[in-house]
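Below you'll find the structure, written out as structure tokens, and then a few comments.
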Amino acid sequence: MIEVKHISKKYNDRVVLDDISVQFPKGKVTSLVGSNGAGKSTLLSIVSRLLTPDNGLVLVNGKPLTDYKNKVLARHLSVLKQFNHIGMKLTVQELVAFGRFPYSENRLNVDDQKIIANSIRYLDLENIADSFIDELSGGQKQRAYLAMVVAQDTEYILLDEPLNNLDMKHSVQIMKILRRLADELGKTIIMVLHDINFASHYSDYIVALKDGKIKYHDRTENIIEENILKDVFDIDFVISNSGSKKVCNYFNH
Amino acid sequence: MKRNQSIIGLLILLALVAIASFLLYNLGSSWEFALRLRSLKIVAMVITSCCVAYSTIAFHTLTNNRILTPSIMGFESVYMLLQTILVFVYGDQTFHVLNSFGNFMLSIACMIGFAFIIYMLIYKKGRSNMYLLLLIGLILGILFNTLSAFMQLLIDPNDFFIIQGKMFASFNKINQHLLPYAAFILLLVLSIGVYMAKYLDVLALGREQAISLGLNYNSMVRLFLIMIAILVAVSTALIGPITFLGLLVANLTYELIRTHSHRLMIFACCLVSVITVVGGQFLMERAFNFSTPVSTIINFVGGGYFIYLLLKVKKI
């Protein structure tokens, strides 16, 4: 379990996170939602040790983040943010192999090879395994990076806007993969999402942030309510049911 | 990949041909003397070529940028400023006050000290900001260059020749006594660097990915910057400023070899670098009869290539 205790973060004088405490349950998909500047990405960055908080503590399996050796932590927790342009020529296969770096560095053994092959199959990348990363489309690239995270085989997977710049088909594809990672492999997934409907359909829990504080944290079906969403986003929502899930319409506020 | 292998094979062959022709062409009657002199030059050229190759590729990966060379950090300006100050203060007595070994050590100490000071200033603020580092290096470099130019105007024209000798890299005046020390330091740093090259592979994925894969990003970057500083400092102190060589050979290598493995890339780049320097020196000595320093040719070709890169690459 990941526990966040009394986290605060300031950029200059602007308070971005104000005494945040939250627990992320194991084996579930949790979405962080909120307006721009609410502190979602900052919270995710702190939990994934990309940023250090001004105050407070992040516990991974009961042990503070800072007490882990980098290499050991990389076997428990992985994070995927926006990806940079890579200067080197890198194939999908080679990118996925980096997922094994925390275990074997660059000396891959038979098990590593097996895990890499499985990850590539899991993300359905077999036919483009030898293509160069910079020649792929956005959706393929996102899947290639996810395959690397799968190969890293961590209990916790943190994602910052995994649907950024993806079309609807690829967004759905990615979300289904994440759902499978949680259901089939028992991974704990924490992600920042902008589209409330994706959060409603694919996550077990939703954490709603507003002005650097956690406004709501509950099971998805309890959060997707007109009055709660209005409070979080300051616009009107009309919620209807579609099968067992709820769909939010916020286009005519 | 097969393509990479055959290119590397070809490069090894070319490098050997360049070295062999430099060593053996027109040896003359007193061949023992000539061979000894030439082998010293070869050793110096090979070692500095490898340093330039390693430092440039590592620097490109750290900055995620292919048109920079480590000299943007101002190392060469520090070197020139030191040489100018020495001559400015001591005039033609410079060599009596400070022998070449002292000068060599002092130059290295100044360049590495300079690197440390600007790294410390920047990392003190917590967040590593590569571009701030580069900008400060660039601006200080310009400041030092201007100061050097100012002092060069004031000194005696005869003394100026002493400085002028230092302004261009040259393999003809390599000090035999310094070579073993330089070789020792450079080979030591290079071997650490080759061992660490696997971390460069990960750093190339960017800060977030590197941290996610378990690297301590800040200390890794600092370590590589220090290694780059040592490599550049020692090779500059040994042969003089050789700015564009790195840019030229690194980008040629990127065109030739397609790999993410820095170990392979750096090996190939060392070969390209050796071919360029040794081949260039050979041509310069045999075809142009020593009329132009090889660094002038390299800087001319490198500068032209740099302009070509700027025009070709819209996204830097």
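Sequences listed follow chains A and B, in order. The first sequence begins at 1 in UniProt numbering and counts up one residue at a time. The second sequence begins at 1 in UniProt numbering and counts up one residue at a time. Cβ atoms here follow ideal geometry from the backbone N, Cα and C, with glycine treated the same way. In this text, all values refer to a predicted model and were calculated from it rather than measured experimentally.
Next item on the list: Assess, as a yes-or-no matter, whether the stretch 248-262 of chain B is touched by the stretch 57-68 of chain B under the definition of 3 or more beta carbon pairs within less than 8 Å.
Entry: yes
Check: Three-state secondary structure (DSSP) at alanine 208 of chain A?
Finding: To locate residue 208 of chain A, count along the first sequence from 1; it is residue 208. Taken through DSSP and simplified to helix, strand or coil, alanine 208 of chain A comes out as strand.
Check: Where does glutamate 221 of chain A land, buried or exposed, given buried means 16+ other C-beta within 10 angstroms?
Finding: Here residue 221 of chain A refers to the residue found at position 221 of the first sequence. Counting Cβ neighbours within 10 Å, glutamate 221 of chain A comes out exposed, since fewer than 16 surround it.
Next item on the list: Name, in chain order, the residues that DSSP records as bridge partners for proline 64 of chain A.
Entry: Position 64 of the first sequence holds residue 64 of chain A. In the DSSP output, where bridge partners are listed per residue, proline 64 of chain A has A:Leu59.
Margin query: Under 8 Å, Cβ to Cβ, is there at least one residue of chain A near lysine 198 of chain B?
Written below: Within the second sequence, the letter at position 198 stands for residue 198 of chain B. Cβ-Cβ to chain A under 8 Å: yes for lysine 198 of chain B.
Next item on the list: Output, in chain order, the set of chain B residues within a Cβ distance shorter than 7 Å of phenylalanine 198 of chain A.
Entry: By 1-based counting over the first sequence, the position of residue 198 of chain A is 198. Correct list: empty, because the minimum Cβ distance to chain B is about 22 Å.
Next item on the list: Alpha carbon to alpha carbon, how far is methionine 111 of chain B from valine 139 of chain B? Give it in angstroms, no decimals.
Entry: Here the question's residue 139 of chain B lines up with position 139 in the second sequence. Here the question's residue 111 of chain B lines up with position 111 in the second sequence. It is isoleucine, not valine, that sits at residue 139 of chain B in the sequence shown. If I take the Cα positions, the gap works out to 15 Å.
Next item on the list: Alpha carbon to alpha carbon, how far is asparagine 109 of chain A from isoleucine 118 of chain B? Give it in angstroms, no decimals.
Entry: In the second sequence, counting from the first residue as 1, residue 118 of chain B sits at position 118. In the first sequence, counting from the first residue as 1, residue 109 of chain A sits at position 109. Going from the Cα of isoleucine 118 of chain B to the Cα of asparagine 109 of chain A covers about 41 Å.
Next item on the list: Using a Cβ-Cβ cut-off of 8 Å, state whether leucine 17 of chain A counts as contacting chain B.
Entry: The residue given as residue 17 of chain A occupies position 17 in the first sequence. Answer no: the Cβ-Cβ gap between leucine 17 of chain A and chain B never drops below 8 Å.
Next item on the list: Return no unless some Cβ of chain A is closer than 8 Å to the Cβ of isoleucine 316 of chain B.
Entry: The residue you call residue 316 of chain B lines up with position 316 of the second sequence. Caution applies to isoleucine 316 of chain B, whose pLDDT of 47 falls short of 50 and renders its modelled position unreliable; the model cannot decide the point.
Check: Where does isoleucine 316 of chain B fall in DSSP's three states?
Finding: Here the question's residue 316 of chain B lines up with position 316 in the second sequence. With a pLDDT of 47 at isoleucine 316 of chain B, under the threshold of 50, the modelled position of this residue cannot be trusted, and the question is left open.
Check: For aspartate 159 of chain B, which residues from the same chain have a beta carbon less than 7 Å from its beta carbon, with the 5 sequence-adjacent residues on both sides left out?
Finding: If you number the second sequence from 1, residue 159 of chain B lands on position 159. The answer, listed in chain order, is Val87, Gly91 and Asp92.
Next item on the list: List the residues of chain B that glutamate 105 of chain A touches, going by C-beta distances under 8 Å, in chain order.
Entry: Residue numbering aside, residue 105 of chain A sits at position 105 when the first sequence is read from its first letter. By Cβ distance, chain B contributes Lys198.
Check: In whole angstroms, what is the alpha-carbon distance linking alanine 197 of chain B and tyrosine 250 of chain A?
Finding: What you label residue 197 of chain B is simply residue 197 of the second sequence in a count that begins at 1. What you label residue 250 of chain A is simply residue 250 of the first sequence in a count that begins at 1. So the two alpha carbons sit approximately 51 Å from each other.
Checklist line | chain A residues whose Cβ lies nearer than 7 Å to that of histidine 60 of chain B | finding: For this step, residue 60 of chain B is matched to residue 60 along the second sequence. Those within 7 Å of histidine 60 of chain B in chain A are Gly87.
Item checked: chain E residues whose Cβ lies nearer than 7 Å to that of histidine 260 of chain B -> Chain labels in this structure do not include chain E; the protein chains are A and B.
Notebook entry, point to check: Out of curiosity, what's the CA-to-CA distance linking isoleucine 19 of chain B and glycine 165 of chain B?
Noted result: Mapped onto the second sequence, residue 19 of chain B falls at position 19. Mapped onto the second sequence, residue 165 of chain B falls at position 165. Each residue's Cα considered, the two are about 26 Å apart.
Next item on the list: Could you give the DSSP three-state label for aspartate 167 of chain A: helix, strand or coil?
Entry: Residue numbering aside, residue 167 of chain A sits at position 167 when the first sequence is read from its first letter. DSSP places aspartate 167 of chain A in coil when its eight states are reduced to three.
Check: Pick from A:Pro162, A:Asn241, A:Gly243 and A:Glu226: whose alpha carbon is nearest that of isoleucine 235 of chain A?
Finding: The count along the first sequence starts at 1 and reaches residue 235 of chain A at position 235. When each option's Cα is compared against that of isoleucine 235 of chain A, the closest is A:Glu226.
Next item on the list: Could you check what DSSP says for asparagine 118 of chain A in three-state terms: helix, strand or coil?
Entry: Residue mapping note: residue 118 of chain A aligns to position 118 of the first sequence, counting from 1. Here asparagine 118 of chain A sits in helix by DSSP.
Checklist line | alanine 169 of chain B classed as buried or exposed, judged by whether at least 16 other C-beta atoms fall within 10 angstroms | finding: As a working note, residue 169 of chain B is residue 169 in the second sequence. Answer is buried; the Cβ neighbour count reaches 16.
Checklist line | According to DSSP, residues forming a beta bridge with aspartate 160 of chain A | finding: Position 160 of the first sequence, counted from the start, is the residue given in the question as residue 160 of chain A. For aspartate 160 of chain A, which the question treats as bridged, DSSP gives the partners A:Val192.
Check: Since cysteine 248 of chain A sits in a beta bridge, which residues does DSSP pair it with?
Finding: The residue you call residue 248 of chain A lines up with position 248 of the first sequence. A:Ile239.
Check: Between glycine 206 of chain B and chain A, is there a C-beta pair that is closer than 8 Å?
Finding: Locating residue 206 of chain B in the second sequence gives position 206, counting from the first residue. Yes, its Cβ sits closer than 8 Å to a Cβ of chain A.
Next item on the list: Within the same chain, show all residues whose beta-carbon is closer than 6 Å to that of asparagine 299 of chain B, passing over the 5 residues directly before and after it, in chain order.
Entry: Your numbering for residue 299 of chain B matches position 299 in the second sequence. The residues are Phe244.
Check: Which chain B residues sit within Cβ distance under 9 Å of alanine 74 of chain A?
Finding: Within the first sequence, residue 74 of chain A is the residue found at index 74, counting from 1. Under the 9 Å cutoff, chain B gives Ile211, Ser212, Leu213, Gly214 and Leu215.
Checklist line | DSSP state of isoleucine 72 of chain B mapped onto helix, strand, coil | finding: Numbered from its first residue, the second sequence carries residue 72 of chain B at position 72. DSSP places isoleucine 72 of chain B in helix when its eight states are reduced to three.
Item checked: Helix, strand or coil at valine 91 of chain A [DSSP, three-state] -> For the purposes of this step, residue 91 of chain A is identified with residue 91 of the first sequence, where counting begins at 1. The residue asked about is misnamed: residue 91 of chain A is threonine in this sequence, not valine. Strand, per DSSP.
Check: Within the 8 Å Cβ cut-off, does valine 202 of chain B reach chain A?
Finding: Sequence index remark: in the second sequence, residue 202 of chain B carries index 202 (1-based). By this cut-off, valine 202 of chain B is an interface position.
Checklist line | Neighbour-count burial assignment, isoleucine 316 of chain B, 16 or more Cβ in a 10 Å radius | finding: The sequence position of residue 316 of chain B within the second sequence is 316, counting from 1. Residue placement at isoleucine 316 of chain B is flagged as unreliable, the pLDDT there being 47, under the threshold of 50; a coordinate-derived value is accordingly withheld.
Note to self: Less than 8 Å between the beta carbons of leucine 81 of chain B and serine 148 of chain B, yes or no?
What the structure shows: Start at 1 with the first residue of the second sequence, and residue 81 of chain B comes out as number 81. Start at 1 with the first residue of the second sequence, and residue 148 of chain B comes out as number 148. Yes. Within cutoff.
Margin query: Rounded to the nearest angstrom, what separates isoleucine 307 of chain B and proline 64 of chain A at their Cα positions?
Written below: Position 307 of the second sequence, counting from 1, holds the residue named residue 307 of chain B. Position 64 of the first sequence, counting from 1, holds the residue named residue 64 of chain A. If I take the Cα positions, the gap works out to 51 Å.
Next item on the list: Assign valine 60 of chain A to buried or exposed, taking buried as 16 or more other Cβ atoms, counted over all protein chains shown, within 10 Å of its Cβ.
Entry: Walking along the first sequence from the start, residue 60 of chain A turns up at place 60. Around the beta carbon of valine 60 of chain A, 16 or more other beta carbons lie within 10 angstroms, which makes this residue buried.
Notebook entry, point to check: Should the stretch 268-283 of chain B be regarded as contacting the stretch 13-32 of chain B, the criterion being three or more beta carbon pairs within less than 8 Å?
Noted result: yes
Item checked: Those runs of the alpha helix (DSSP H) which lie wholly inside the stretch 189-262 of chain B and span at least 4 residues -> Listed in chain order, they are 207-212, 217-239 and 243-256.
Notebook entry, point to check: Closest by CA to isoleucine 266 of chain B, which one among B:Thr56, B:Tyr217, B:Phe22 and B:Val43?
Noted result: Your numbering for residue 266 of chain B matches position 266 in the second sequence. Considering only alpha carbons, the answer is B:Thr56.
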